Amino acid sequence: MFRQDRATEDISIAWDHQMDGWLSLFAPQIMFFMEVPESMTMLYRQRKRWAKGGTEVWLTNFKKIFFHPFRNIGYTVMFIDQTFSIIWSFFFWISSAIFIFGLGRFLITGDIERIYHMLTMAFLFVCFEMLSGIIQLIASLIVDDRGRKFKYLFFAPLYMVFYWIMNALTIVTTFIPAVKTILGLGSGTWKSPERKGTMNNTDSQQK
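This is the structure in structure tokens:
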């Protein structure tokens, strides 16, 4: 069933099909061209739509997965992963606020030892996040395109930190709108970000 009130209708209908017994497979040999947002504002808007759509799918299928976890064990694993992602997003911003408040307080009081301890622990956690991200990226690069994109591995640590912060921000800011959509108070309409890719230039030259 096509849900017109979903922010990401493709993900929504894919989950509906899979819950009805259809099978979706990853096909790395498929190639396509996609124009991506070219500014931070457009990227943020795109990620907000994706985050909202993901939360909508999570809320829609929560009851099915919760009461029948072993009927589709593969989907249950993905659902658990998404659940932890949503929980982590809220935890990230709450803990960040506590960290900034504590750091400010210790700066005012001049407690250098506590400041050093806080920054050291934060650095260790960021290193673990980067390591986890690098492992995931290596696995995806091996599966997708047979490792021909390993040249991007150098930028992986910074990309992962930025990517996770962006995802955490968009998940938290779109959680309430996603809940409203599930309750029938939202809309699936969205404004497409402006794209100025090479495909548009090629088309104009051909004309």
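In terms of the UniProt record's numbering, the sequence shown has 2 at position 2, counting the first letter as 1, and numbering is strictly consecutive. Glycine included, every Cβ here is placed at the ideal spot set by N, Cα and C. A quick note: this is a predicted structure, and the numbers were derived from the prediction, not measured.
Go through its chain and collect everything with a Cβ distance to L153's Cβ below 8 Å, but skip five positions before and after it. As a first step, residue 153 is located in the sequence shown; it is residue number 153 there, counting from the start. Answer for L153: I134, L137, I138 and L141, listed in chain order.
Pick from R49, G53, K48 and F79: whose alpha carbon is nearest that of K63? Residue mapping note: residue 63 aligns to position 63 of the sequence shown, counting from 1. Closest option to K63, Cα to Cα, is F79.
If we require 4 or more residues per run, which alpha helix (DSSP H) segments fall completely within the UniProt domain "Glycosyltransferase 2-like" (7-121)? Taking 4 residues as the shortest admissible run, the UniProt domain "Glycosyltransferase 2-like" (7-121) contains the following complete alpha helix (DSSP H) segments, listed from N- to C-terminal end: 9-19, 40-60, 62-67 and 73-109.
Can you grab the Cα-Cα spacing for the pair H68 / I30, in whole Å? As a working mapping, residue 68 is identified with position 68 in the sequence shown. As a working mapping, residue 30 is identified with position 30 in the sequence shown. Near 33 Å, if we compare the C-alpha coordinates of I30 and H68.
Could you check what DSSP says for D203 in three-state terms: helix, strand or coil? One-based indexing of the sequence shown puts residue 203 at position 203. Here the model assigns D203 a pLDDT of 48, short of 50, so the residue's position is not dependable and the matter cannot be decided.
Beta-carbon proximity of F123 to I115, cut-off 8 Å: Position 123 of the sequence shown, counting from 1, holds the residue named residue 123. Position 115 of the sequence shown, counting from 1, holds the residue named residue 115. In this structure, F123 sits away from I115, with a CB-CB distance that is not shorter than 8 Å.
Would you mind sorting W22 into buried or exposed? The rule is 16 or more other CB atoms within 10 Å of its CB. As a first step, residue 22 is located in the sequence shown; it is residue number 22 there, counting from the start. Looking at its Cβ environment, which holds fewer than 16 other Cβ atoms inside 10 Å, W22 is exposed.
Inter-residue Cα distance where the pair is D111 and I86: Against the sequence shown, residue 111 aligns to sequence position 111. Against the sequence shown, residue 86 aligns to sequence position 86. Distance between the alpha carbons of D111 and I86 is about 34 Å.
Alpha helix (DSSP H) segment containing Y152, residue limits: As a first step, residue 152 is located in the sequence shown; it is residue number 152 there, counting from the start. Taken as a continuous stretch (DSSP letters only), Y152 belongs to no alpha helix (DSSP H), as it is neither H nor E.
Please go through the same chain and pick out, in chain order, the residues whose beta-carbon is closer than 6 Å to the beta-carbon of R47, but skip the five residues on each side of it. Against the sequence shown, residue 47 aligns to sequence position 47. For R47, same chain residues with a beta-carbon under 6 Å away, outside a window of 5 residues either side, are M166 and T170 in chain order.
Whole angstroms is fine: what's the gap from Q206's alpha carbon to V36's? Within the sequence shown, numbered from 1, the residue matching residue 206 stands at position 206. Within the sequence shown, numbered from 1, the residue matching residue 36 stands at position 36. With a pLDDT of 42 at Q206, under the threshold of 50, the predicted position of this residue should be treated as unreliable, though the coordinate-derived value follows. Rounded to whole angstroms, the gap between the alpha carbons of Q206 and V36 is 22 Å.
Which of helix, strand or coil does DSSP assign to G184? Working through the sequence shown from its first residue, we reach residue 184 at position 184. Coil at G184, not helix or strand.
Quick check: what's the CA-CA separation for F99 versus V126? For the purposes of this step, residue 99 is taken as the residue at position 99 of the sequence shown. For the purposes of this step, residue 126 is taken as the residue at position 126 of the sequence shown. F99 and V126: Cα-Cα distance of roughly 14 Å.
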